[in-house]
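Taking it in order: structure first as structure tokens, then the write-up.
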Amino acid sequence: GARPVQMNVPGCADLIGILGPHGRFLAIETKSANDDMRETQRRFRTMIEARGGLYIVARSVEDVDRVLGPLCY
Numbered sequence: 006g007a008r009p010v011q012m013n014v015p016g017c018a019d020l021i022g023i024l025g026p027h028g029r030f031l032a033i034e035t036k037s038a039n040d041d042m043r044e045t046q047r048r049f050r051t052m053i054e055a056r057g058g059l060y061i062v063a064r065s066v067e068d069v070d071r072v073l074g075p076l077c078y
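Residue numbers (the numbering used here): 6 to 78.
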């Protein structure tokens with residue numbers, strides 16, 4: 006009896022959070038090596054970046070480290 010459940014707006018990133026200390030929105034979309042973003046995901050990314058948020062397309066942990074590392078250390 007499993008069925009999909011929508012928990013957020015269409016295109017919302019897989020992981021979302023807030024970066025301290027100033028409260029910058031963080032969105033991380035996880036993708037396999039050859040997976041493309043859907044149109045709803047591209048629109049979500051545009052919305053987040055237009056409002057000063059940080060959006061990462063992560064195909065590996067290193068992709069996230071490359072962006073967040075300088076902000077966290």
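Beta carbons: idealized from backbone N, C-alpha and C, even for Gly.
For residue i, the three-state DSSP class (helix, strand or coil)
i: R8; result: coil
i: R64; result: coil
i: A55; result: helix
i: G28; result: coil
i: G16; result: coil
Buried versus exposed call for residue i [16 or more other C-beta atoms within 10 Å across all chains shown]
i: Q11; result: exposed
i: A18; result: buried
Residue i versus residue j - alpha carbon distance
i: D40; j: D70; result: 20 angstroms
i: L24; j: E54; result: 14 angstroms
i: A38; j: H27; result: 32 angstroms
i: G57; j: P9; result: 31 angstroms
i: L73; j: P15; result: 25 angstroms
*Looking at C-beta atoms only, is the number of pairs between the stretch 53-73 and the stretch 26-42 that lie closer than 8 angstroms three or more?*
yes
*asked:* With three or more beta-carbon pairs closer than 8 angstroms as the criterion, would you say the stretch 43-55 touches the stretch 70-78?
replied: no
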